[in-house]
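Number of protein chains: 2
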Amino acid sequence: MTATKAEFEARLRQIGAERYHDKHPFHAMLHSGGCTPDQVRAWVINRFAYQSAIPRKDAAFMSRVDDPALRRAWRSRIEDHDGTAENEGGIERWLRLADAVGLDRDYVAVKTGILPATTFAVEAYVRFVRDKSLLEAVAASLTELFAPKIHADRIKGLLAHYEFADDTSLSYFRKRLDEAPKDVAFGLGWVLDHADTAEKQDAAAQALIFKTDVLWAQLDALYSAYVTPARIPPGAWQPGTHLRVPEARAS
Amino acid sequence: MTATKAEFEARLRQIGAERYHDKHPFHAMLHSGGCTPDQVRAWVINRFAYQSAIPRKDAAFMSRVDDPALRRAWRSRIEDHDGTAENEGGIERWLRLADAVGLDRDYVAVKTGILPATTFAVEAYVRFVRDKSLLEAVAASLTELFAPKIHADRIKGLLAHYEFADDTSLSYFRKRLDEAPKDVAFGLGWVLDHADTAEKQDAAAQALIFKTDVLWAQLDALYSAYVTPARIPPGAWQPGTHLRVPEARAS
């Protein structure tokens with residue numbers, strides 16, 4: 001039976017309550033000051049794979065949208081990440097975080113040290129958006145419903161526990177607190193309007209579950225590689241390497 | 252053997268000299284005043300399929316580009332067609348042309364009367380850009396090298412021969428005279444830089460040939476359907492239908 005919009009929204013929110021990556025032990029470590037400098041760096045390096053893929057994901061979505069108005073509404077997501085004349089963009093802000101934790105930003109930008117499991121998860125998301133229905137593609141973006149809380153927790157936790165944390169290094173997260181609400185309001189409204197059968201509601205819920213898996217798998221890979229007992233796969237970033245300046249080594 | 256950049260550019264320009272759709276008899280009819288009002292309308296309806304697909308094509312390109320700077324450079328093409336806060340965009344300008352030739356713009360916008368062969372050609376271009384190498388995708392865009400002349404000829408020819416033609420109805424073509432040169436300068440430079448082996452030069456040349464085929468096939472379909480002896484396929488627009496106002500019927 002088709003759920004009401006309110007019931008269906010509650011179902012989507014419950015998925016976040018159960019599966020969003022704020023529940024992952026790596027985030028507890030990160031936000032409580034429990035990460036070593038190299039563990040923070042590993043997170044910055046790997047999360048960049050995700051950040052920098054988001055505009056490709058959003059372009060893949062737009063490449064399937066026939067309605068100019070929907071394309072225009074979606075285009076601001078690419079602008080938020082890639083930047084505009086007035087806004088440096090989220091990718092640049094993330095590289096400032098890389099600077100702040102002592103990493104060579106050029107190394108981060110080329111993504112050679114990313115964990116393969118991170119890349120697999122991120123590219124699965126890009127392909128999902130390219131291949132699935134538009135409804136499933138928009139529904140997958142709704143993890144942003146749960147993002148403001150994790151960003152606020154992160155800003156607070158990083159500021160309290162890490163020397164690198166300040167307004168400049170954390171500008172990515174502060175800016176997302178402004179940007180994400182407009183995106184998620186649009187995306188949630190679109191999904192609630194378009195998931196007008198039980199079958200479509202199930203598909204949208206599964207898409208959101210898929211996306212929580214994409215995020216969770218990235219932290220599992222990070223935990224497996226860089227938290228004791230660390231098992232760093234061949235080719236992935238080695239702690240202590242690719243630092244920005246010699247003194248960063250000692251931070 | 253790898254050609255020099257100058258030789259290779261000459262090879263690309265020769266493809267336009269031999270194959271660009273300014274050579275198609277339909278354009279000779281259109282620009283010389285030889286088209287009936289319904290033939291002009293058929294062209295406006297079918298060409299809209301191409302115009303309105305271009306942002307999807309450009310988003311498909313961006314979905315495959317890992318370099319934020321290249322994505323940013325490419326994004327302006329989508330803005331040119333879909334519009335921005337300051338610019339209504341090419342799609343809206345094309346619909347003004349639909350108004351001017353007496354068509355119901357809502358009918359044009361939903362694209363139900365498009366010739367199947369037009370849709371096949373247009374979607375072949377979107378898929379080409381999604382599936383082929385980035386070099387081939389950029390090379391395919393280089394038909395814009397040849398566009399300023401056809402747009403200038405068209406403005407002059409339409410103004411001379413058709414009552415509907417004025418600054419408002421032809422604003423799409425005037426605006427493209429401003430926009431296309433920046434795109435093509437970027438695209439040509441990119442192709443000349445990246446086609447650095449004989450094999451890549453051949454692939455880029457083939458991509459441009461493919462694109463000239465995409466444009467030519469659309470005019471062939473139009474000619475076959477709407478120029479005497481007309482063979483309009485099932486489901487395609489029928490002359491005299493979907494007009495904006497009753498008096499347009501008599502124009």
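For the record, the sequence lines run as chains S and H. Under my numbering, read the first sequence as residues 1 to 251, first letter to last. Under my numbering, read the second sequence as residues 252 to 502, first letter to last. All C-beta atoms in this analysis are idealised placements derived from N, C-alpha and C, irrespective of residue type, glycine included.
query                                                                                                      : result
Which of helix, strand or coil DSSP assigns to L115(S)                                                     : coil
Chain-ordered chain H contacts of G83(S) [CB-CB under 9 Å]                                                 : P319 and R323
Selection of the stretch 44-64 of chain S by Cβ proximity to chain H, strictly under 9 Å                   : S52, A53, P55, R56, K57, D58, A59, A60, F61, M62, S63 and R64
Contact the stretch 380-387 of chain H vs the stretch 451-471 of chain H: 3+ CB pairs below 8 Å            : yes
Paired residues, beta bridge with L494(H) - DSSP                                                           : L354(H)
When V361(H), K400(H) and K274(H) are compared against D66(S), the one with the closest alpha-carbon       : V361(H)
Length of the line joining the Cα atoms of Y477(H) and A268(H)                                             : 26 Å
Residue-level contact to chain H via CB, R75(S), 8 Å cutoff                                                : yes
Cβ separation of L222(S) and L115(S), assumed to be a contact under 8 Å, to the nearest whole Å            : 7 Å
Buried or exposed (CB count within 10 angstroms, at least 16 for buried), A250(S)                          : Its pLDDT being 41, under 50, A250(S) is placed unreliably by the model, and the measurement read from it follows with that caveat. Looking at its Cβ environment, which holds fewer than 16 other Cβ atoms inside 10 Å, A250(S) is exposed.
R174(S) vs A147(S) beta-carbon contact at 8 Å                                                              : no
Check whether R510(H) and I460(H) have beta carbons under 8 Å apart                                        : Nothing can be reported for residue 510(H): it is not among the residues displayed for chain H, which extend from 252 to 502.
Close Cβ partners of V352(H) (< 6 Å) along its chain, the five nearest in sequence each way excluded       : V291, R292, V295 and F415
Pairwise C-alpha distance: A403(H) and D309(H)                                                             : 24 Å
Test: R427(H) CB closer than 8 Å to a CB of chain S                                                        : no
CB contact check: Y376(H) to chain S, cutoff 8 Å                                                           : no
Entirely enclosed beta strand (DSSP E) segments - the stretch 272-346 of chain H, minimum 3 residues       : none
Short CB-CB distance (under 8 Å) between I114(S) and chain H                                               : no
Segment limits, alpha helix (DSSP H) that includes L263(H)                                                 : K256 to R270
Opening and closing residue of the alpha helix (DSSP H) in which D202(S) lies                              : A198 to Y226
Partners in chain S for R482(H), counting only beta-carbon separations shorter than 8 Å                    : Result: empty, since nearest Cβ-Cβ is about 28 Å, beyond 8 Å.
Amino acids of chain S, ordered along the chain, whose beta-carbon sits closer than 7 Å to that of R356(H) : The contacting residues do not exist; R356(H) stays about 13 Å from chain S at best.
Y172(S), DSSP secondary structure in three states                                                          : helix
CB contact below 8 Å: I155(S) versus chain H                                                               : no
Beta-carbon proximity check, Y423(H) vs R344(H), cutoff 8 Å                                                : yes
DSSP state of W237(S) mapped onto helix, strand, coil                                                      : coil
Interface residues of the stretch 122-146 of chain S facing chain H [CB-CB below 8 Å]                      : V126 and R130
Neighbour flag for I401(H) against chain S, beta carbons, 8 Å                                              : no
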